[in-house]
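Once you know that position 305 of the sequence shown is 301 in the numbering used here, the rest is easy, because the numbers rise by one and skip nothing. Ideal Cβ placement from N, Cα and C applies to all residues, glycine included. Treat the numbers as computed from the prediction; the structure is a model and nothing was measured. A short write-up of the structure that comes next.
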Amino acid sequence: MTQDREGEAKVLTKTDSLSTPEAIGLVQALNADIFQLAAFMSDSFEAATNETPADENPKGALRIRGHLGDQLMVSLISWPHTDDPTVLQMALQCYLVQMSRHITSDWTFDGSPVLAELYEQVRNSEDQAVAGRWRALSRSHLRHLSAGGNDALSGIRKFICGGLADVLISAKCQLSPSAVAEALTGKFGDRIYAIIDAALNINRILGEEITSADFEIVTCPGGVTFNPTWMEDAASDDSFYDGKSIVLCTTEMGLKRESREVKGGQIAKEFTLLLKPKVTLESVLAQISSAGETRPEYTIEEWGETV
């Protein structure tokens, strides 16, 4: 065997440096940090002293609407959160979960899909060993090329803090955007940045240190029918669902494992859900409403007309 082939063999047979249980543990730890921060933030902001019109922050509402979904968004805007901050906490959790999912999976943070599409092409034409090592080497070199510059990290921090500010302003917790931004960086900055760092670490580990399969963070969009096979109800251990339960949002990320093998010119896929994402159902809103005096001021359709 030539020296080149020996080097190639070593590359293709390199074992994962992280076990599956360890990967699951990283995701669970990040979920716990997100939960704690969302709970702390929702309890720390007081409602505005005078009522804020529903359309005062239309741009901010539109920026986070895609992450939260219509049903959670209208509840966030139209319900009071002073006595029961549950909806606000869910919105903060949901936003941080969605942002963390993007951070853990993105090849670059400039919005370009080119490298992800290229890797998909590699996966569809090569065995897992080859594709996995291509991905690991590419991710590693890409990270080292961008090392030394903090533009990407600074941009991520600014974007996420901006989104959290939009959530809080939409919930009428503060009237002044500058006051919200100051509180976020001053009081919660370390915790927010720690979550971002943890998500970036997962991006590196899943992208560079595991080649035997592709590990990917899993979330569920609001509005889909609840399926206990693929998701877990965060608010209940009840195993019975009537098929009409609708997901409001994802509050904890899941993790899936996928490997591919070329057999007879065809790609054989193997998929395993290692950790179910935890979701909150729309029925929780009715429970919150019936438990107190909380009532939405207007419907989704009426809110849609304001933005």
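Under the three-state reduction of DSSP output, residue 206 falls in the coil class, being neither helix nor strand. In this structure, 197 is the residue among 275, 197, 216, 255 with its C-alpha nearest to the C-alpha of residue 101.
Here residue 116 carries a helix assignment [DSSP, helix/strand/coil].
For the 8 Å CB-CB criterion, residue 225 and residue 239 do not form a contact. Straight-line measurement puts the Cα of residue 160 at about 13 Å from the Cα of residue 96.
Where residue 185 is concerned, the enclosing alpha helix (DSSP H) starts and stops at 185 to 200.
Below 8 Å, too few C-beta pairs join the region 181 to 194 and the region 117 to 125 to call them touching: fewer than three. Judged by DSSP secondary structure, residue 167 falls outside any beta strand (DSSP E); it is assigned neither H nor E. For residue 228, the secondary structure class from DSSP, reduced to helix, strand or coil, is strand. Residue 59 and residue 106 have their alpha carbons spaced roughly 17 Å apart. Between the region 176 to 193 and the region 207 to 216, the count of Cβ pairs shorter than 8 Å is below three; the stretches do not touch. In the assembly as shown, residue 137 is an exposed residue. Its beta-carbon has fewer than 16 other beta-carbons within 10 Å. In the DSSP assignment, residue 216 falls outside any alpha helix (DSSP H) and carries neither an H nor an E.
Just measuring C-alpha positions, the residue of 151, 35, 219 sitting nearest residue 69 is 219.
Taking residue 94 as reference, the option from 267, 250, 112, 148 with the minimal CA-CA separation is 250. Membership of residue 93 in the alpha helix (DSSP H) is indicated by the continuous run 82 to 101. Secondary-structure assignment with DSSP links residue 276 through a beta bridge to 245.
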